[in-house]
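J.: Under the working numbering, think of the first position of the sequence shown as -11, with each following residue one higher. Even glycine gets a Cβ: it sits at the ideal position worked out from N, Cα and C.
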Amino acid sequence: MTMTLTHRLDRTITIDAPPAVVFGFLTETRRWAAWWGAGSEIDARPGGLMKIRYPDGTEAVGEVLEVHPPERIVFTYGYVSGVMIPPGGSRVTIELEAAGASTRVRLAHEYHDAEVLDRHVQGWRYQLSLFANVVADEVFAGAADTVDAWFDAWAEPNAEARHRALARIASSDVRFRDRYSSIDNIGDLVGHIAGALQFMPGIRMSRAGGVRQCQGIVLADFVARGADGVERGGTNVFVFAADGRLKSVTGFMNANTT
C-alpha cells in the first residue's frame, strides 16, 4: 500500500551493549519476541515478514524493506485490523551507532497523520524501554556471579591475588564509595581492602538473597560477618559498563548497623 508519510516520530536511547548484540534483538525472532511479546516474529531480510503480537491480542504486521547489519533495519508497520494504520501504512527505521562501548539507538516512525503519530508517542517510549531492559537482562545475566566475586575479593589476604580477582570483574578506574571510602582505581582499592582486613580481621562479606538488575545497575544486599560473631548488613549498588565490568560500586550499611 502506497501512502504519503508526512509526519515523523523520532526517539533516541542509549543501551549499554555493543551494536552487534543490540542488532540481534531486531533480527532474531527469539530476541524480537522478548521485547514485543510471545507470537511476535521477524524474517530479517528484504521482503521478509515482520509481525508483532501485543499482550492484548492486537497484531501489527509489516514487510522488511532494508537490513544492514549491525547498523540499520527498515520495515513497514500497520495493524491487521486496519484501524489507525492499515498494513503497509507507516514505516519504521531503526539505526544503531556505536557510542563508546555502548550503542545509540535512533528510531524514526513515519505516519500519514499527525493524530496517529501522537497516539504512538507513549507506545514507543514504553516499548524502547522494554527493549533496553531485555538487552540488559541478557548482557548482564552473570551479574550475580560478578557480585559474588566482588565480595570474595574483600576477603582475599594476598594483594596480588586480590588485584587479579578485581581486574577480572572491574575496570581499571573503578569507583568505590561508602561512608569510609572514596576510591577511584583498582590499585587504590587493593590497598584499601588490605587496610580493612588489618583493622577488621576475620571479616567476611557475602551476598544475601538475589540481585536486582535494571539496565546494568544492580542492587545486592549483603551480610558482613566478623570474628566477633556479629552480623552487619547493608546494600551495594553496582554499576556495570557495556563490557560487563564494574565501573562503580556504592555501599550502604543498614540504619541499625554501627
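Let me make sure I understand the geometry here. Which of A102, V178, T64, A158 has the alpha-carbon closest to that of V227?
T.: As a position in the sequence shown, residue 227 is number 239, starting the count at 1. Among A102, V178, T64, A158, the Cα nearest to that of V227 belongs to A158.
J.: Considering just the uninterrupted stretch of the beta strand (DSSP E) at D176, what are its terminal residues?
T.: In the sequence shown, the residue the question calls residue 176 occupies position 188. It is not in any beta strand (DSSP E) - D176 instead sits in the alpha helix (DSSP H) that spans 174 to 187.
J.: For the putative contact between T46 and Y65, defined by C-beta atoms under 8 angstroms, what is the C-beta separation to the nearest angstrom?
T.: For the purposes of this step, residue 46 is taken as residue 58 along the sequence shown, with counting starting at 1. For the purposes of this step, residue 65 is taken as residue 77 along the sequence shown, with counting starting at 1. T46 to Y65, Cβ: 12 angstroms. No contact.
J.: Residues in its own chain within less than 6 angstroms of R165 by CB, not counting five upstream and five downstream?
T.: Position 177 of the sequence shown, counted from the first residue, corresponds to residue 165. So the list reads T238, once near-sequence residues are dropped.
J.: Are the CB atoms of F13 and F139 within a distance shorter than 8 angstroms?
T.: One-based indexing of the sequence shown puts residue 139 at position 151. One-based indexing of the sequence shown puts residue 13 at position 25. No. Outside cutoff.
J.: Between the alpha carbons of E144 and G183, how many angstroms are there, rounded?
T.: For the purposes of this step, residue 144 is taken as the residue at position 156 of the sequence shown. For the purposes of this step, residue 183 is taken as the residue at position 195 of the sequence shown. Cα to Cα, the separation comes out at about 12 angstroms.
J.: What residues are listed by DSSP as bridge partners for S194?
T.: Looking up residue 194 in the sequence shown gives position 206. S194 pairs with V211.
J.: Would F210 and A196 be called neighbours here (beta carbons separated by less than 8 angstroms)?
T.: Within the sequence shown, the letter at position 222 stands for residue 210. Within the sequence shown, the letter at position 208 stands for residue 196. For F210 and A196, yes; Cβs fall inside 8 angstroms.
J.: Ends of the beta strand (DSSP E) at E98?
T.: Here residue 98 refers to the residue found at position 110 when the sequence shown is read from its first residue. First-last of the beta strand (DSSP E) with E98: 90 to 99.
J.: On the CB-based measure, 16 or more other CB atoms within 10 Å of its CB, does G130 come out buried or exposed?
T.: In the sequence shown, the residue the question calls residue 130 occupies position 142. Exposed: under 16 other Cβ atoms inside 10 Å.
J.: Check the DSSP bridge columns for Y67 and list the partner residues they point to.
T.: Translated into positions along the sequence shown, residue 67 becomes position 79. Per DSSP, A48.
J.: In angstroms, rounded to a whole number, what distance separates the CA positions of L95 and N173?
T.: In the sequence shown, counting from the first residue as 1, residue 95 sits at position 107. In the sequence shown, counting from the first residue as 1, residue 173 sits at position 185. Their backbone Cα atoms lie some 37 angstroms apart in a straight line.
J.: Counting only beta-carbon separations shorter than 8 angstroms, does T2 have a partner in chain C?
T.: Absent from the structure: chain C. Only one protein chain is present.
J.: Could you check the C-alpha separation between D31 and R220 for me, to the nearest Å?
T.: Stepping through the sequence shown from its first residue, residue 31 is reached at position 43. Stepping through the sequence shown from its first residue, residue 220 is reached at position 232. Their backbone Cα atoms lie some 53 angstroms apart in a straight line.
J.: Would you give the residue range spanned by the beta strand (DSSP E) that Q201 belongs to?
T.: Indexing the sequence shown from 1 puts residue 201 at position 213. It spans 200 to 202 - the beta strand (DSSP E) in which Q201 sits, taken as one unbroken run.
J.: Which term fits A147, buried or exposed, when burial requires 16 or more other beta carbons within 10 angstroms of its beta carbon?
T.: On the sequence shown, residue 147 is found 159 positions in, with the first residue counted as 1. So A147 counts as exposed.
J.: When you compare only the Cα positions, how much space is there between L177 and V199?
T.: The residue you call residue 177 lines up with position 189 of the sequence shown. The residue you call residue 199 lines up with position 211 of the sequence shown. Spanning the two alpha carbons is a distance of roughly 23 angstroms.
J.: Could you check which residue in V135, S169, H180 has the C-alpha nearest to that of R233?
T.: Counting from one through the sequence shown, the residue named residue 233 turns up at place 245. Of V135, S169, H180, the residue nearest in Cα terms is V135.
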